[in-house]
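Please read the structure below before turning to the comments.
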DNA sequence: CGACTCGTACGATAGGCATCGTAGTACGGT
DNA sequence: ACCGTACTACGATGCCTATCGTACGAGTCG
């Protein structure tokens, strides 16, 4: 008792100070993982792995979640048979202020830019 | 006169609208390339490839610069025998406002954190 | 012209990684 | 106890890539 063990299974996470920028960037450079992180950010809470409908098999999904966890981008915890995922906002914001926000904003902008017809980019003036 | 052709050799660059966030992140997820970009940002101007003293061969250096150029992070132009490199600040800032700044700041913070003994994780005063 | 410097091209190599499929473990409900 | 669901572990596969070495093209300077 005492400690409300969510589950007997434990998952290794890097400490806040162990999170490396290069690994975070690498983790987010995969479209599938960036998509996961964006959904997680939009949900502002924990989501189970099975909540995501990705165009890959479950094996691959497990792989991507592990990369995100081991790079320090998300925190995972078992809750029954489900595995809940949450963004490590506080840790990332503390280590790299403004980065996560800028990344999410950049992803949203690019998404909007593409959806609204990729030729509507206007900005024809190339100052160079 | 008229058009001061810097050199006859031309180098392919992605248009501003063709720059993809995932590729930028992938380009910056390599320590060698992140280092190049940081030096470039600090120089606030153009730097020749040979200016950089990287712990890899020239072939590999050429490879990294090409990845950075093709991902839209830097702009390259020949000037005599030298190849000058410049950060595409304006394009990146237009596409992804705040991202480049946050990335450079993040890299600087991590660098400082590591240099000052990685156990001094304290950073107790974070206005956040 | 010849030599030298800067950077490229090409091939090789070794390691990483995204993906899959199958078999297996943990947990909750009936 | 049994079954179904959620996720994992492991092996295989094919692609990508960081690295090197060598040979070459482009410019500059004597």
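Protein chains in written order, with the numbering used here: chain C, 1 to 128; chain G, 1 to 128. For glycine and all other residues, C-beta sits at the position ideal for the given N, C-alpha and C.
I'd like the span of the alpha helix (DSSP H) that includes residue i, first residue to last.
i, result
"residue 87/C", "Per DSSP, residue 87/C belongs to no alpha helix (DSSP H); it is in the beta strand (DSSP E), 82-87."
"residue 23/C", "21-28"
"residue 16/G", "No alpha helix (DSSP H) contains residue 16/G, which DSSP labels as neither H nor E."
"residue 68/G", "58-70"
Measure how close the beta-carbons of residue i and residue j come, nearest whole angstrom, since I'm counting them as under 8 Å.
i, j, result
"residue 38/C", "residue 107/C", "6 Å"
"residue 62/C", "residue 54/C", "So it is not a contact: roughly 11 Å between Cβ atoms."
"residue 31/C", "residue 18/G", "16 Å between Cβ atoms; not a contact."
Residue range of the beta strand (DSSP E) that residue i falls in?
i, result
"residue 79/G", "74-79"
Only counting the same chain, and skipping five residues up and downstream in sequence, which positions put a Cβ closer than 6 Å to that of residue i?
i, result
"residue 92/C", "100"
"residue 110/G", "none"
"residue 112/C", "none"
"residue 26/C", "none"
"residue 128/C", "Here residue 128/C scores only 41 on pLDDT, less than 50, and its place in the model is too uncertain to base an answer on."
Pull the bridge partners of residue i from the DSSP assignment, please.
i, result
"residue 103/C", "Its beta-bridge partners do not exist; DSSP assigns none."
"residue 47/G", "85/G"
Identify, in the order they occur along the chain, each residue of the same chain with its Cβ nearer than 7 Å to the Cβ of residue i, setting aside the five sequence neighbours on each side.
i, result
"residue 46/C", "84, 85, 86"
"residue 1/C", "Note on residue 1/C: pLDDT 45, under 50, position unreliable in the model; the coordinate value appears next. Nothing meets the Cβ criterion."
"residue 24/G", "71, 72, 73"
"residue 114/G", "none"
"residue 56/C", "32"
"residue 41/C", "87, 104"
"residue 96/G", "21"
"residue 89/C", "100"
In its own chain, which residues sit with a C-beta less than 8 Å from the C-beta of residue i, not counting the 5 before and 5 after it?
i, result
"residue 94/C", "16"
"residue 28/G", "34, 37, 73, 103"
"residue 9/C", "78"
"residue 50/C", "82"
"residue 65/G", "36, 49, 74, 76, 83, 85"
"residue 122/C", "Caution is warranted here: a pLDDT of 45 is assigned to residue 122/C, below 50, making its placement in the model unreliable, and no coordinate value can be reported."
"residue 98/G", "none"
Would you call the region 65-72 of chain G and the region 14-34 of chain G in contact, with 3 or more CB pairs under 8 Å?
-> Yes, they touch.
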